[in-house]
Amino acid sequence: MHSDTEPHSNPQWWEVTVECPINLEDSVYWAFDELDSKGTASQTKDDCRIVTAYFPQAQFQPADFEQWQANLQAAIAPQISQLQLLQVSWRLIAEEDWASSWKDHWQAEEIGDRLVINPAWMDQPTTERTILTLDPGSAFGTGAHATTQLCLKALEKQPLNGATIADIGCGSGILAIASCLYGAHQAFATDVDPLAVQATRANANLNAIHPKTLQVQLGSVGEAIALAQQANQCPVDGIVCNILAEIIVALIIPRLNELANAQTWGILSGILTSKAPWVEENLNAYGWQIAEMTYQDEWCAMIIRYVP
C-alpha cells in the first residue's frame, strides 16, 4: 500500500483509491462502507475499476488503512489469483480538493438514445438529446458506472409521461431527475446518506425541477412508500433501484409490493450477473417477474413486473 502523507493546505480528508478487477467492485464498496466512508466514486480503467472513497482526516491514521487493506486482501483472496494484488493508495487532500479534484476528468456523456449528462460547470452542448445537468457533489454517481447506464437505458423505454416514480437509493438523483425530464408527473427519491439527499435536491434545482415534483427524503424503501402515500400517489407507476444486490434482496424486495399494483414496472440494477439467479428467486417469491434483462461489463439490470 502506498502512502502519501505530504500535507496540502489545511488537509481535512483522506482520499483512498483501490484499483481492482470489475467483479470485485462490490466487495470494495462493502469494505469502504464498513469504514463509514463519506462519499465514493468509481471509474473504468482498461478492464479494471478504480474505486475512490473519502474519510475525515481526524478519524483515521495511515496504520488504519494498512490494516484495512490487509483485511480486504484476505477477504477476497478466494476470488483472485496470487498475481492480482489490489492496487491501493491513499493521500491527504484539502476540503476544496475533495469537492473538485475529479471534475477535471469528467466530460459530457451520451447515454442510450435520448440522454446526455452534462457537468454543471461546463457549457451546455448543442444537441437534440435531453440534457441532464449534474453536479454529483461529494463523490456520488456521475453516470459513468455501468449500473447507472443500464438503468438509464432501460428507463428511456418506459412509459414516463405523466407517471409517478419511486427512486430508492437515489445517490446524486440521476434516475429520478431523468424520469422527470422524460415527463414523469412526480418522483419520490430516498437515500440513507444525507450527502446523497443534499446532492439530489441540488441537482433537481439545476434541472429546474420543482421540489414538489421531485420529493427527496433521507431513508430507504419505507420512506419512499411514505412519500408516495402522503402524496396520494401509491401505488406508483414505476420503481427504480440501483444499489447492491445484497441490499435489494434483504431490504427492498420484501417491501416492493407496497408500492405496486398490476401495472407497476421496476428497474433494478447494481446486480452482478453472477448474482442474478439469486435475485430472481427472491423476486419471484414476492410476486415479481423479470420481463427483460440487459447487461454491461459484469453487471445486469432487470426490468420487472408485479404479478399479484
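Heads up, the sequence shown is in our numbering, so the first residue is 3 and it goes up one at a time.
Glycine residues also receive a C-beta, built at the ideal position from the N, C-alpha and C atoms.
Please read these numbers as outputs of a predicted model, since none were measured by experiment.
- Under the 10 Å beta carbon count, Leu274 is surrounded by 16 or more other beta carbons and is classified as buried.
- For Ile241, the enclosing beta strand (DSSP E) starts and ends at Gly240 to Asn244.
- Distance from the CA of Phe62 to the CA of Leu177, rounded to the nearest whole angstrom, comes to 34 Å.
- In the three-state reduction of the DSSP assignment, Arg307 falls in the strand class.
- The criterion of a C-beta distance shorter than 8 Å is satisfied by Glu17 and Arg93.
- Apart from the 5 residues on each side of it in sequence, Thr135 sits with its Cβ closer than 6 Å to the Cβ of Asn120, Ala122, Leu208 and Asn209 in its chain, given in chain order.
- For Ala287, the enclosing alpha helix (DSSP H) covers residues Ala278 to Ala287.
- Considered as a whole, the region 169-252 harbours 176-183, 196-208 and 223-232 as its complete alpha helix (DSSP H) runs of no fewer than 4 residues, in chain order.
- Between the beta-carbon of Asn25 and that of Glu300 there is about 5 Å, and that keeps the pair under the 8 Å contact cut.
- For Ile52, the closest of His147, Gln109 and Val118 by C-alpha to C-alpha distance is His147.
- Secondary structure note for Thr149: its alpha helix (DSSP H) is the uninterrupted segment Ala148 to Leu157.
- Contact annotation: the region 222-231 touches the region 178-196, with at least three C-beta pairs closer than 8 Å.
- Counted as a single uninterrupted DSSP element, the beta strand (DSSP E) harbouring Ile273 occupies residues Trp267 to Leu274.
- The C-beta separation of Glu158 from Leu216 comes to about 18 Å, leaving the pair out of contact by the 8 Å criterion.
- Beta-bridge partners of Ser44 (DSSP): Val53.
- Pro58 is the residue among Pro58, Trp290 and Ser29 whose C-alpha sits nearest the C-alpha of Lys40.
- Cβ-Cβ separation between Ser222 and Leu253: approximately 6 Å, consistent with a contact (criterion under 8 Å).
- In this structure Ala65 does not touch Phe34 by the C-beta definition: roughly 18 Å separates them, more than the 8 Å allowed.
- Annotation for Ser29: the continuous alpha helix (DSSP H) segment containing it runs Glu27 to Glu36.
- For Asn120, the three-state secondary structure derived from DSSP is strand.
- Per DSSP, reduced to three states, the secondary structure at Gln61 is helical.
- Here Asn73 has Ala33 as same chain residues with Cβ atoms under 8 Å from its own Cβ, once five neighbours each way along the sequence are excluded.
- Here Thr149 has Asn244, Ser271, Gly272 and Trp301 as same chain residues with Cβ atoms under 6 Å from its own Cβ, once five neighbours each way along the sequence are excluded.
- Around the Cβ of Ala43, a 10 Å sphere holds 16 or more other Cβ atoms; the residue is buried.
- Per DSSP, Leu94 is one residue of the beta strand (DSSP E) stretching across Gln89 to Ala96.
- Going by DSSP, Leu258 is part of no beta strand (DSSP E) but of the alpha helix (DSSP H) stretching over Ile255 to Leu258.
- The C-beta distance from Val251 to Ile167 rounds to 22 Å, too long to meet the 8 Å contact threshold.
- Shortest Cα-Cα distance from Gln200 to any of Asp48, Gly171, Arg257 and Thr266 involves Gly171.
- Following the DSSP letters along the chain, one finds Glu294 inside the beta strand (DSSP E) bounded by residues Trp290 to Gln298.
- Here Pro80 carries a helix assignment [DSSP, helix/strand/coil].
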